[in-house]
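Only one structure is covered here, and it is reproduced in the block below.
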Amino acid sequence: MAGAFDRTIGVAAGLLGAAGVAASAAGAHAAPGANLDTAGMMMIVHAAALLALAAPSAGLRSVRRFAATVMLAGVCLFAGDLVMRAFQGRGLFPMAAPLGGLMMIASWIVASLSFLGPRRDG
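Position in the sequence shown (first residue = 1) + 25 = our numbering.
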């Protein structure tokens with residue numbers, strides 16, 4: 026049975042995936058060339074990764090939880106900055122997208138490391 030953290034990440038992943046589809050559609054129809062397609066792709070890809078990290082049997086539990094948290098924050102910063110630029114003409118804050126991108130890269134590395142050690146619950 027999934028714990029509260031895993032359920033939260035699972036719900037966030039589902040919402041992130043839905044937002045990714047919406048952003049991709051907006052990029053194709055409402056605001057072509059505004060990077061919404063890139064934001065949508067990042068949201069969809071990372072939603073799938075978050076679902077995998079929330080799975081009860083995935084790697085070292087505390088490490089994958091950390092990876093999921095950093096990944097969620099990173100994709101929100103990266104995609105959020107692109108969406109803000111598309112609709113508001115300005116980003117979230119200076120360097121939000123690069124910071125989010127760095128967080129996503131780091132979270133993928135941490136996620137891969139979570140599968141190297143013995144599985145521990147907790």
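Each residue gets a CB set at the ideal place from its N, CA and C atoms; glycine is no exception. What you are looking at is a predicted structure, and each value in this text was computed from that prediction instead of being measured.
Inset, instruction - Apply the 10 Å Cβ neighbour rule to Met120 and answer buried if 16 or more other Cβ atoms are within range, or exposed otherwise. - result: Flag for Met120 reads exposed.
Legend entry - Cα-Cα separation between Ala64 and Leu141, rounded to whole angstroms: Cα-Cα distance, rounded: 31 Å.
Inset, instruction - Mind reading off the beta-carbon distance from Ala93 to Leu75? Whole number of angstroms is fine, and I expect it under 8 Å. - result: Yes, Ala93 and Leu75 are in contact; Cβ-Cβ is about 6 Å, under 8 Å.
Legend entry - Residues near Gly116 by beta carbon distance below 6 Å, same chain, minus five either side: Asp106, Met109 and Arg110
Inset, instruction - Note the first and the last residue of the continuous alpha helix (DSSP H) segment covering Ala121. - result: Ala121 to Leu138
Inset, instruction - Rounded to whole angstroms, what's the CA-CA distance from Val100 to Gly28? Just pull it up for me. - result: 23 Å
Legend entry - Unbroken stretches of the alpha helix (DSSP H), 4 residues or longer, contained in the stretch 50-87: 61-79
Legend entry - Nearest to Ile34 (by Cα), restricted to the options Val70, Met128, Ala79 and His71: Ala79
Inset, instruction - Given a cut-off of 9 Å, decide if Phe91 and Met128 are closer than it, judged by their beta-carbon atoms. - result: no
Inset, instruction - Please confirm if Val46 has its CB atom under 9 Å from at least one CB of chain B. - result: As a matter of chain content, chain B is missing from the structure shown, which is built from one protein chain.
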